[in-house]
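Counting with our numbering, you get residues 1 to 245 for the letters of the sequence shown. No residue lacks a Cβ here, since even glycine has one placed at the ideal position from N, Cα and C. Predicted, not measured: the structure shown is a model, and the values here were computed from it. Here the structure comes first, spelled out in structure tokens, and everything after it is commentary.
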Amino acid sequence: MSVTSPLHVIIAVVILAVLTTVLLSVFQGAPRWSQLWAVVRGAVQLALISLILGTVITSYVWIAAALLVMFTVAWTTATRRIGWSARHAAVMGTAMAGGALTSLLVIFGSGAVEFSPRYLLALGGIIIGGSMTVATLSARGYRQSLADHWAEVEAWLALGATEAQAVRRIARLAVANALVPNTDQAKTTGLVTLPGAFVGAIFGGLSPLQAGQFQILVLAGLLATGSITAITVVTGLRRPLRRPE
């Protein structure tokens, strides 16, 4: 990929960020400056990580440290979305770590991708980001549905159902909804959009066939990670069963 100059990039980013801010401010669809701040923060973080990775991309130790930082930020962000507590932190951390590690072990353990710092960083970052999104969606969806249908849950409990039986429908719906983005991405890849991993692999020198193989690994990894994460989240949040505030 080539760009004309950093100035043109800055101009385009500023225009898009201002447009987003104005539209959401008029519609009152989000805090006034939240989107603009997200762009500024993302730009600063990308600049810093680009400088750092330029010197550590060949070191397993530094790549492991970078992935640990990524996971910590993702874990704390997802936990904060549902209200910080020791229990929530434990549930979200366990779910995200279990999902991400399982997928990465399968991908590298099967020999599908060379185990190297470069690929470990690329796949690790994508998988961790996916686990954060699914953990947030499943947790918030489950808690909201539980609060909305608490009378239904109490009715099941009054009839002698166990806690797991009382929330089974709500839990299944939360998991299904949390997986919609990853499922849609997998189903529409190549038809609606060209995913970033596919395009990045081509720009990195891989043939379209090799890039496609890499992308399908990413999609399968995201689906597996999401499934493990979402199921673990809703299972952890229902023990002990209580109505969300």
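Residue i burial status per 10 Å Cβ neighbour count (16 or more: buried)
i, result
"F71", "buried"
"I11", "exposed"
"A211", "buried"
"A225", "It should be pointed out that residue 225 corresponds to Thr in this sequence rather than to Ala. T225 is buried by the Cβ-count criterion."
"S2", "In this prediction, S2 has a pLDDT of 49, which is less than 50 and means its spatial position is unreliable; what the coordinates show is noted afterwards. Exposed is the call here."
"Q45", "exposed"
"G111", "exposed"
"L120", "buried"
"G221", "buried"
"A151", "exposed"
Distance, residue j Cα to residue i Cα
i, j, result
"S116", "A86", "35 Å"
"L219", "R239", "31 Å"
"L223", "V69", "23 Å"
"T21", "V14", "10 Å"
"T79", "M92", "6 Å"
"T229", "A176", "12 Å"
"P31", "W84", "21 Å"
"N182", "Q215", "13 Å"
"A158", "V234", "22 Å"
"S25", "S131", "30 Å"
"T232", "Q185", "22 Å"
"A17", "Q28", "16 Å"
"V180", "A38", "24 Å"
"W62", "W33", "34 Å"
"A47", "R41", "10 Å"
"Y60", "S207", "26 Å"
"G236", "W156", "20 Å"
"T162", "L241", "10 Å"
"Q213", "I127", "16 Å"
"P6", "R118", "26 Å"
Sub-8 Å separation of residue i and residue j beta-carbons
i, j, result
"A66", "V134", "no"
"I107", "L217", "yes"
"A164", "V153", "no"
"A104", "G124", "The displayed chain sequence assigns Leu, not Ala, to residue 104. Result yes, Cβ atoms of L104 and G124 sit closer than 8 Å."
Between the region 134–153 and the region 166–185, do at least 3 Cβ pairs fall closer than 8 Å?
The region 134–153 makes contact with the region 166–185: 3 or more CB pairs, one atom from each, lie closer than 8 Å.
Any contact between the region 88–99 and the region 130–143? By contact I mean 3 or more CB pairs, one from each, below 8 Å.
yes
Check whether the region 72–82 and the region 93–104 touch, using three or more Cβ-Cβ pairs below 8 Å as the test.
yes
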